[in-house]
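Here the structure is laid out as structure tokens; the discussion comes afterwards.
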Amino acid sequence: MEHCRQFCQEPGLLISVIRHRAGAPSLRLGLGPGLRPVDAIGQLQKLLNCNSFWATARSRVQLRTMLKGSSVVVSAWSGQQLVGFGRANSDGVFRAVLWDVVVAEQSQGHGLGRQLVEALLAAPALAQVERTYLMTTNCEGFYRKLGFNAVQHQRLMRREASGE
């Protein structure tokens with residue numbers, strides 16, 4: 243684990259935001275704060291299944307592969323419980339993309355999402371890039387408060403994997 247910052251989400255509730263090394267090897271091994279075994283992949287799977295619509299039904303193998311391919315990974319913990327997550331990919335110079343920023347419903351509304359995004363943006367792989375992108379369906383207002391703006395003259399395009 244590269245960097246850990248703690249803050250009080252509310253009186254008596256301490257949250258640890260951890261910025262992991264590239265590829266998040268500790269999370270892939272199932273470790274949480276203090277490198278304690280906590281079934282981190284299982285907790286990540288549950289967090290995504292319960293608090294997102296786009297990241298449900300990802301397998302443990304897929305999650306490990308996703309983490310390994312991520313330039314920056316942050317996680318937020320209340321004790322040994324995963325309550326927030328985010329990741330990014332970056333070329334380190336020109337472009338970066340934020341992915342899968344998720345906060346558990348019971349932890350929303352206290353600044354944890356802001357802490358996760360700020361930790362991602364402050365990571366060396368993103369800190370100097372020319373542009374950072376993200377896609378959102380329901381949280382445009384949240385991201386605007388963090389300095390993101392809607393892109394008017396570009397179109398999001400995608401290619402689906404073939405189902406063969």
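Count along the sequence shown from 1, then add 242; that gives the number in our numbering.
Backbone N, C-alpha and C define an ideal beta-carbon position, used for all residues, glycine too.
Item                                                                                                                                                          : Value
Determine the burial state of Ala392: buried for a count of at least 16 other Cβ atoms within 10 Å of its Cβ, exposed for fewer.                              : exposed
Strictly by DSSP, which residues pair up with Thr374?                                                                                                         : Ala338
List the DSSP bridge partners of Val183.                                                                                                                      : There is simply no residue 183 to check, as the chain begins at 243 and stops at 406 in what is shown.
Please classify Gln287 as buried or exposed, where buried requires at least 16 neighbouring CB atoms within 10 angstroms.                                     : buried
Candidates Gln357, Val343, His352: which alpha carbon is nearest Asn380's?                                                                                    : Val343
For Ser332, which residues does DSSP report across the bridge?                                                                                                : Ala338
Quick check on Pro279: buried or exposed, where buried means 16 or more other Cβ atoms within 10 Å of its Cβ?                                                 : exposed
When you compare each of Ala330, Ser312, Val325, Leu376 to Cys353 by their alpha carbons, which one comes out closest?                                        : Here residue 353 turns out to be Gly, not Cys, going by the sequence shown. Ranking Ala330, Ser312, Val325, Leu376 by Cα distance to Gly353 puts Val325 first.
Between Gly328 and Val359, which are expected to be in contact by the criterion C-beta below 8 Å, what is the C-beta distance as a whole number of angstroms? : 7 Å
Quick one: grab the DSSP three-state call for Leu273.                                                                                                         : strand
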